[in-house]
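**Student:** Under the numbering used here, the first residue of the sequence shown is numbered 716, with each subsequent residue one higher. Cβ atoms here follow ideal geometry from the backbone N, Cα and C, with glycine treated the same way.
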Amino acid sequence: MAFFTRPVTVNLSKTPILCWRWRVNDVVRTANIAKKSGDDQAARVYIRLNLPNSALSLATRAKLALARTRGGKVIPDGAINYVWDNRFPVGTARNNVYTKQAKIIVAQSGAAQAGRWVNERRNLAADIQKQFKTSKAKVTFIAISSDTDNSGETVTAAFADIHLVGANGKCQYR
Numbered sequence: 716m717a718f719f720t721r722p723v724t725v726n727l728s729k730t731p732i733l734c735w736r737w738r739v740n741d742v743v744r745t746a747n748i749a750k751k752s753g754d755d756q757a758a759r760v761y762i763r764l765n766l767p768n769s770a771l772s773l774a775t776r777a778k779l780a781l782a783r784t785r786g787g788k789v790i791p792d793g794a795i796n797y798v799w800d801n802r803f804p805v806g807t808a809r810n811n812v813y814t815k816q817a818k819i820i821v822a823q824s825g826a827a828q829a830g831r832w833v834n835e836r837r838n839l840a841a842d843i844q845k846q847f848k849t850s851k852a853k854v855t856f857i858a859i860s861s862d863t864d865n866s867g868e869t870v871t872a873a874f875a876d877i878h879l880v881g882a883n884g885k886c887q888y889r
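1) Ignore the nearest five residues each way along the sequence and tell me which others in Ile877's own chain have a CB closer than 6 angstroms to its CB.
2) Just to confirm the assignment, what range does the alpha helix (DSSP H) spanning Ile843 have?
3) So for Ser861, helix, strand or coil by DSSP?
4) Would you kindly work out how many angstroms separate the C-alpha atoms of Ala777 and Gln828, rounded to a whole number?
5) Checking 9 angstroms against the spacing of the C-beta atoms, do Ile732 and Ile795 come in under that value?
6) Would you kindly check if the distance between the Cβ of Lys851 and the Cβ of Ala770 is under 9 angstroms?
7) Of all the alpha helix (DSSP H) runs that stay within the bounds of the region 750 to 815, which reach a length of 4 or more residues?
8) Within 9 angstroms (strictly less), CB to CB, does Arg736 reach chain D?
9) In three-state terms, what does DSSP make of Trp735?
10) Going by C-alpha to C-alpha distance, which of Thr775, Ala749, Asn834 sits closest to Pro804?
11) Given a threshold of 16 other Cβ atoms within 10 Å of its Cβ, counted over all protein chains shown, does Gly793 qualify as buried or as exposed?
12) DSSP on Asn834, reduced to helix/strand/coil?
13) Check for me: the beta strand (DSSP E) holding Leu746 runs from which residue to which?
14) Quick one: what's got a C-beta closer than 7 angstroms to Trp906's C-beta in the same chain, skipping five residues either side?
15) Is Lys853 helix, strand or coil by DSSP?
16) Output needed for Ala683: all residues of its chain with C-beta closer than 7 angstroms, excluding positions within five of it in sequence on either side, in chain order.
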């Protein structure tokens with residue numbers, strides 16, 4: 716798995732809507748986001764978050780501090796992962812199997828749309844509020860990836876037109 720990342724500064728009160736297009740050639744057939752052994756996705760849009768202390772329990776802050784002594788500052792306070800899954804229905808939201816600080820939201824599911832460009836529009840601010848119970852999160856970077864390290868399968872994903880717009884703004888797909 717490799718992430719292609721871009722640091723960003725986002726004002727979620729002005730531009731809460733995340734837009735993108737993606738295409739996969741197939742799903743990861745043996746993936747299962749509910750199990751560590753199956754934690755793979757054909758495509759993922761990853762949003763790294765800095766969260767206010769008020770959104771983190773004392774125990775979570777302590778775990779993050781310990782993890783950062785080993786993994787450095789690369790360990791985020793939280794993350795939203797919009798994924799193209801193989802089995803869970805669109806709209807499924809769950810904790811990542813490795814940490815509850817990384818939330819998985821199924822934006823596409825199954826192979827019916829494979830081979831086609833699919834436009835997405837998500838209210839990122841609302842998803843952060845729902846998943847982390849805060850409106851004060853800061854987006855620090857956006858990353859894209861495919862992940863098949865557990866399954867050993869091969870998939871190809873493409874991403875385009877990743878941008879944020881206002882609540883009533885129109886996504887700009889080329």
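**Tutor:** Working from what's here:
1) Here the set comprises Trp735.
2) In the DSSP assignment, Ile843 falls within the alpha helix (DSSP H) that extends over 839 to 847.
3) Shown here, Ser861 sits in a strand according to DSSP, grouped into three states.
4) The alpha-carbon of Ala777 is positioned some 42 angstroms away from that of Gln828.
5) Using a Cβ distance threshold of 9 angstroms, Ile732 and Ile795 do not count as a contacting pair.
6) Closer than 9 angstroms, so yes.
7) With a minimum length of 4 residues, the continuous alpha helix (DSSP H) runs that stay inside the region 750 to 815 are 773 to 786.
8) The structure shown contains no chain D; it holds only a single protein chain.
9) Here Trp735 carries a strand assignment [DSSP, helix/strand/coil].
10) When each option's Cα is compared against that of Pro804, the closest is Ala749.
11) So Gly793 counts as buried.
12) The answer is strand: DSSP assigns Asn834 an E or B state.
13) It is worth fixing the name first, because residue 746 is Ala in this sequence and not Leu. Note, Ala746: premise wrong, no beta strand (DSSP E); not H, not E.
14) The structure shown has nothing for residue 906, since the chain only spans 716 to 889.
15) Lys853 carries a strand assignment under DSSP once its states are collapsed to helix, strand and coil.
16) Outside the displayed span of the chain (716 to 889) sits residue 683, for which this structure offers no information.
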